[in-house]
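Start counting the sequence shown at 70; every next residue gets the next number (this note's numbering). Working notes, structure below.
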Amino acid sequence: MTDPFPNNAPICLAVLGAGSVGTHIAALGVGHGMTVVVVAEPAAQESTAVRVWQRLGQLRSRGTVPAGEGASGALLVRSGLSAFPVDAVFEAVSERAVLKAKALTEVVRDLEPGTPLISCSSGIPVDELADWAGRPQDVVGVLLGDADLPSAPIEVARGRHTADETFTRARAVLTALGFEPVDVLDGPGRVAARVLYPMLNAAARLAGENAASVGDIDRLLSWCFGPLSGPLRCVDRIGIDTLVEALEQIHARTGDPSCLPCDTLQQKLAAGELGVKSGRGFYEYED
């Protein structure tokens, strides 16, 4: 099989979306010596750059990327991609279908055919994403696992029309970012979200019913989530808005009642208590 990046050619990535997932991917790319172009609105470009560099500092301190300024690639924050030939694009905008459709429809105008479009959707199947992009052969779906592991597993799915070469290039990019690609079958939520998100929804529902305190629910499930975590801390890390939107997407496509967001999640969403990103969710967080 042909090497997708011969002679150790430097990789240039684009990232659509500057939330927690987009910021994390951008920081990983820069930390692994890549050139990364983050697409953001002009008013948000300065703060986006600051958050990427902050995230890179966190990843270095945890050993997720090589330490030292010499290991850094380049970060560019721009309004579009028309002047930047890139090797792959990560779509990491909100899980709302209308926003993903807009992002994918617009970005293909500036891309060479064959450029992998890697969507970080946790609820929407690859085939739907591919229809919006208009290039079904170029779209691949992923869902990040634990973002702080030095070599984190990441599920990767192809649609019915994803080209073999595109899939190979996408997996190579993920490996270069330090992930361990795990091939899964396409579908709403695919594997990780279909298992994990209903569990998180159930934990939030029990917290709302005062079945146990937030801390005790997390302690009781620490055997599954780790001694320093738990399902409700996991919800806060994912982001309550992100979780609700993903659950809604899965529920709409499967009818699975366990994926109907519970009242507790909806109430926190309405109150702006989104988790780590807003400073308050099931727990409070300092800046």
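Each residue gets a CB set at the ideal place from its N, CA and C atoms; glycine is no exception.
Residue span of the beta strand (DSSP E) that contains residue i, given as start and end
| i | result |
| --- | --- |
| Asp252 | Glu249 to Asp252 |
| Arg288 | That residue, Arg288, is in no beta strand (DSSP E); its alpha helix (DSSP H) goes Val283 to Leu289. |
| Val84 | Cys81 to Leu85 |
| Ser188 | Leu186 to Ser188 |
Residue from the options whose Cα sits closest to the Cα of residue i
| i | options | result |
| --- | --- | --- |
| Asp156 | Leu312, Gln318, Leu243 and Ser190 | Leu243 |
| Thr184 | Ile193, Gly295, Val108 and Asp233 | Asp233 |
| Gly91 | Glu355, Gly203 and Leu144 | Leu144 |
| Gln318 | Val167, Ala172, Asp200 and Val345 | Val167 |
| Leu128 | Ala221, Ser347 and Thr323 | Ala221 |
| Glu249 | Pro257, Ala239, Gly258 and Gly256 | Ala239 |
| Arg283 | Pro267, Cys303 and His230 | The displayed chain sequence assigns Val, not Arg, to residue 283. Among Pro267, Cys303 and His230, the Cα nearest to that of Val283 belongs to Cys303. |
| Arg229 | Gly324, Leu254, Leu173 and Ser298 | Leu254 |
| Ala262 | Ala199, Gly203, Asp179 and Val225 | Val225 |
Exposed unless 16 or more other CB atoms sit within 10 angstroms - verdict on residue i
| i | result |
| --- | --- |
| Ala161 | buried |
| Trp359 | In the structure displayed, the chain extends from 70 to 356; residue 359 sits before or after that span and is not available. |
| Tyr354 | exposed |
| Asn279 | exposed |
| Pro182 | exposed |
| Gly344 | buried |
| Gly350 | buried |
Cα-Cα separation between residue i and residue j, rounded to whole angstroms
| i | j | result |
| --- | --- | --- |
| Leu246 | Leu97 | 6 Å |
| Ser188 | Leu334 | 25 Å |
| Leu338 | Ala272 | 16 Å |
| Ala109 | Lys169 | 14 Å |
| Leu269 | Val177 | 35 Å |
| Glu164 | Met103 | 26 Å |
Delimiting residues of the alpha helix (DSSP H) encompassing residue i
| i | result |
| --- | --- |
| Arg51 | This structure leaves residue 51 out entirely; the chain is present only between 70 and 356. |
| Arg240 | Asp233 to Ala245 |
In DSSP terms, what residue i is bridged to
| i | result |
| --- | --- |
| Ser211 | Just to set this straight, residue 211 is Val in the shown sequence, not Ser. Answer is Val225. |
| Gly344 | Arg349 |
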